[in-house]
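Novice: Take a look at the following structure, please.
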């Protein structure tokens, strides 16, 4: 017997199975999530625009289809949140900015459409830093601060922090964020859930905001939409739904979801301190625990000296992105609200834009770094390392001063370089330390998300699932 008042605490996999099997109705499932949002969101502030009416209509249609004997999708009526960057038909895509509060989307973005096609239901937009540019912490001009449900003195991470907090507290079973340097993986790790950054080109996307113009090449290559979930099995369901092609995105390629099995035990390289710049003891312990879990599962786990060309990759990432961004900065900074320009302004002061000749050379460097990583991952199909080299930090540290900005940039360095290279990665929890979640990421060869998910599943099976949690301020605990 399924308890109605805890439907929101079930995994996405179990929720969909219960709806398909007629054990619960889609409307019942939706209503329990709406009640959970009403209870928790005033304390956490993760859901920004609640889509209750649209979601109820979608759930009612699901119930009608089941009653008519139609086959329901793998994510039948599973509620998901959508980051404020990503279009949901008929709803403003605000990017957290007051300037865009009335920017109503004419159609679903490709990843929203794909999740809907699998049966999932968007239940609300989720918070993020203003224009995704105001910092790592999910504080927007339009909606304010999102709270880390484990400890309100820590950031939930970002820029997909609203999704991380919503999924962790049971307000939604899935979250849809995006990642260009850790923006899915960091909130997943800080909130104690799982997150997937796919290979560039695995999921179709459309990141146009105003009018028909696409963003520049760096934004096209670095930003990938990705799901957050409470379990790896749920993350896998979302991965299967999101992958594929779409006419709106010629970059998306029809690569099989699952590759050929690798011979012998899969080799895993372990780097707890990328670049040798220092790592917190709790983060090192998390990497060790995950490595031990993979050894127990039969993987060939080996510590290696370092990842390829880290410093060079970080420098190239900064120069290329700042060069692309510089021409629009005078107009964009006016949209960020009071103090919202500090994070990018400090980055631009440190990293001046490149001239044409320098940029041409940097594009060659980018390809060379990708080649070096492909060669590394040819020897080691998986890499295990930290998501962030510190425990969750205080909100707004990266925008406080230059030292804070540098500390956060250093902390996310493995996320940054793997986004630059375009390879897939899965963030997975490893436990708790001093009341805060710990976690790691499993990085793989291009288009081998399946290898990352399989390894993350082994870690989860041995180290456990942390969420959903109660979201009582400063008091973590089971829901």
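Numbering (this note's numbering), first residue to last: 269 to 747. For glycine and all other residues, C-beta sits at the position ideal for the given N, C-alpha and C.
If we count the other Cβ atoms within 10 Å of its Cβ and call it buried at 16 or more, is residue 526 buried or exposed?
Specialist: Position 258 of the chain shown, counting from 1, holds the residue named residue 526. So residue 526 ends up on the exposed side.
Novice: Does residue 442 pass the burial test, meaning 16 or more other C-beta atoms within 10 Å, or should it be called exposed?
Specialist: Within the chain shown, the letter at position 174 stands for residue 442. Classification of residue 442: buried, given that the 10 Å Cβ count is 16 or more.
Novice: Looking at residue 555: is its Cβ nearer than 8 Å to the Cβ of residue 652?
Specialist: Against the chain shown, residue 555 aligns to sequence position 287. Against the chain shown, residue 652 aligns to sequence position 384. Yes, these two residues count as a Cβ contact at 8 Å.
Novice: Classify residue 563 as helix, strand or coil using the three-state DSSP reduction.
Specialist: Counted from its first residue, the chain shown places residue 563 at position 295. Three-state DSSP puts residue 563 in a helix.
Novice: Evaluate residue 252 with the Cβ neighbour count: other Cβ atoms within 10 Å of its Cβ, from every protein chain shown; 16 or more gives buried, anything less gives exposed.
Specialist: An answer regarding residue 252 cannot be provided, because it is not within the stretch 269 to 747 covered by the chain.
Novice: Can you list the alpha helix (DSSP H) stretches of 4 or more residues lying completely in the segment 699-734, in chain order?
Specialist: Qualifying alpha helix (DSSP H) stretches, in chain order: 717-731.
Novice: Do residue 736 and residue 716 come within 8 Å of each other at the CB atom, strictly closer than that value?
Specialist: Along the chain shown, read from residue 1 onward, the residue named residue 716 stands at position 448. Along the chain shown, read from residue 1 onward, the residue named residue 736 stands at position 468. It is not a contact, given that the beta carbons lie outside the stated cut-off.
Novice: Using 8 Å as the Cβ pair cut-off and three pairs as the minimum, do the segment 459-468 and the segment 484-496 touch?
Specialist: The answer is yes - the segment 484-496 touches the segment 459-468, with three or more Cβ pairs under 8 Å.
Novice: Give me the Cα-Cα distance between residue 245 and residue 637, rounded to the nearest whole angstrom.
Specialist: Residue numbering for the chain in the displayed model covers 269 to 747; residue 245 lies beyond these limits and cannot be assessed.
Novice: Identify which residue in 474, 482, 471, 501 has its Cα closest to the Cα of residue 461.
Specialist: Residue numbering aside, residue 461 sits at position 193 when the chain shown is read from its first letter. Closest by alpha carbon: 501.
Novice: From the DSSP secondary-structure annotation, give me the bridge partner or partners of residue 536.
Specialist: Within the chain shown, numbered from 1, the residue matching residue 536 stands at position 268. DSSP output for residue 536 lists 569, 650 as bridge partner(s).
Novice: In terms of residues, what are the limits of the beta strand (DSSP E) holding residue 493?
Specialist: Taking the chain shown and counting its residues from 1, the one referred to as residue 493 is at position 225. Taken as a continuous stretch (DSSP letters only), the beta strand (DSSP E) holding residue 493 covers 492-497.
Novice: What's the gap between the Cα of residue 678 and the Cα of residue 633?
Specialist: Here residue 678 refers to the residue found at position 410 of the chain shown. Here residue 633 refers to the residue found at position 365 of the chain shown. When rounded, the distance between both Cα atoms is 21 Å.
Novice: Using beta-carbon positions only, say whether residue 351 and residue 430 come within less than 8 Å of one another.
Specialist: Here the question's residue 351 lines up with position 83 in the chain shown. Here the question's residue 430 lines up with position 162 in the chain shown. In this structure, residue 430 lies closer than 8 Å to residue 351 by Cβ.
Novice: So residue 279 and residue 393 are in contact, right, with Cβ under 8 Å, and what is the actual spacing, rounded?
Specialist: Here residue 279 is taken as the residue at index 11 of the chain shown, counted from 1. Here residue 393 is taken as the residue at index 125 of the chain shown, counted from 1. Contact flag wrong, Cβ pair sits at about 23 Å.
Novice: Alpha carbons only, please: which of 625, 513, 569, 390 is nearest the one belonging to residue 727?
Specialist: Here residue 727 is taken as the residue at index 459 of the chain shown, counted from 1. Looking at the Cα atoms, 569 is the closest of the given residues.
Novice: Where does residue 501 fall in DSSP's three states?
Specialist: Along the chain shown, one-based indexing puts residue 501 at 233. Three-state result, residue 501: helix.
Novice: Tell me the DSSP secondary structure of residue 432 in three-state form.
Specialist: Residue mapping note: residue 432 aligns to position 164 of the chain shown, counting from 1. In this structure, residue 432 counts as helix in the three-state DSSP scheme.
Novice: Along the chain, which unbroken stretches of the beta strand (DSSP E) at least 3 residues long are found entirely within the segment 361-395?
Specialist: Correct list: 389-394.
Novice: How far does the beta strand (DSSP E) with residue 447 in it reach, from first residue to last?
Specialist: By one-based count along the chain shown, residue 447 stands at place 179. From DSSP, the beta strand (DSSP E) with residue 447 extends over 442-447.
Novice: Alpha carbons only, please: which of 596, 604, 601, 643 is nearest the one belonging to residue 621?
Specialist: Along the chain shown, read from residue 1 onward, the residue named residue 621 stands at position 353. For residue 621, the nearest C-alpha among the options comes from 596.
Novice: So, are the CB atoms of residue 380 and residue 344 less than 8 Å apart?
Specialist: The residue you call residue 380 lines up with position 112 of the chain shown. The residue you call residue 344 lines up with position 76 of the chain shown. Contact flag unset, no.
Novice: Count the other C-beta atoms from every protein chain shown that fall within 10 angstroms of the C-beta of residue 409, then say buried if there are 16 or more, exposed otherwise.
Specialist: One-based indexing of the chain shown puts residue 409 at position 141. Per the 10 Å Cβ criterion, buried.
Novice: Return helix, strand or coil for residue 464, following the three-state DSSP convention.
Specialist: For the purposes of this step, residue 464 is taken as the residue at position 196 of the chain shown. Residue 464 falls in the strand class under three-state DSSP.
Novice: Going along the chain, which residues of its own chain have a beta-carbon closer than 7 Å to the beta-carbon of residue 704, five neighbours each way excluded?
Specialist: Working through the chain shown from its first residue, we reach residue 704 at position 436. Only 418, 419, 422, 659, 660 meet the Cβ criterion.
Novice: Measure the C-alpha to C-alpha separation of residue 585 and residue 684 and round it to an integer number of angstroms.
Specialist: Taking the first residue of the chain shown as 1, we reach residue 585 at position 317. Taking the first residue of the chain shown as 1, we reach residue 684 at position 416. Taking the straight line joining both Cα atoms gives about 8 Å.
Novice: Near residue 591, what residues of its chain come up, given a Cβ to Cβ distance below 7 Å and the 5 sequence neighbours on each side ignored?
Specialist: On the chain shown, position 323 is the one that residue 591 refers to. Cβ neighbours of residue 591 beyond the five flanking positions: 621, 622, 627.
Novice: Figure out for me which residue from 701, 528, 448, 657 has the closest Cα to the Cα of residue 649.
Specialist: What you label residue 649 is simply residue 381 of the chain shown in a count that begins at 1. Selected option, being the one with the closest Cα: 528.
Novice: Pull the bridge partners of residue 697 from the DSSP assignment, please.
Specialist: Start at 1 with the first residue of the chain shown, and residue 697 comes out as number 429. The partner list for residue 697 (beta bridge, DSSP) reads 707.
Novice: Name the two residues that bound the continuous beta strand (DSSP E) containing residue 348.
Specialist: The count along the chain shown starts at 1 and reaches residue 348 at position 80. Unbroken beta strand (DSSP E) run through residue 348: 347-351.
Novice: Considering only their Cβ atoms, is the gap separating residue 331 from residue 756 smaller than 8 Å?
Specialist: Coverage of the chain is limited to positions 269 through 747, which leaves residue 756 absent and any answer about it impossible.
Novice: Would you please state the rounded distance, in angstroms, between the beta carbons of residue 514 and residue 378? I believe it to be under 8 Å.
Specialist: Mapped onto the chain shown, residue 514 falls at position 246. Mapped onto the chain shown, residue 378 falls at position 110. That belief holds up - the Cβ atoms of residue 514 and residue 378 are roughly 4 Å apart, short of 8 Å.
Novice: Contact between the segment 358-370 and the segment 323-339: three or more CB pairs below 8 Å?
Specialist: The segment 358-370, when compared against the segment 323-339, does not touch it at the 8 Å Cβ threshold.
Novice: Check for me: the beta strand (DSSP E) holding residue 318 runs from which residue to which?
Specialist: The sequence position of residue 318 within the chain shown is 50, counting from 1. Looking at the DSSP string, the run of the beta strand (DSSP E) that includes residue 318 is 315-318.
Novice: Below 8 Å between beta carbons: does that hold for residue 786 and residue 297?
Specialist: What is shown of the chain runs 269 to 747, which leaves residue 786 out entirely.
Novice: Nearest-angstrom Cα distance between residue 629 and residue 619?
Specialist: The residue labelled residue 629 in the question sits at position 361 within the chain shown. The residue labelled residue 619 in the question sits at position 351 within the chain shown. Their backbone Cα atoms lie some 16 Å apart in a straight line.
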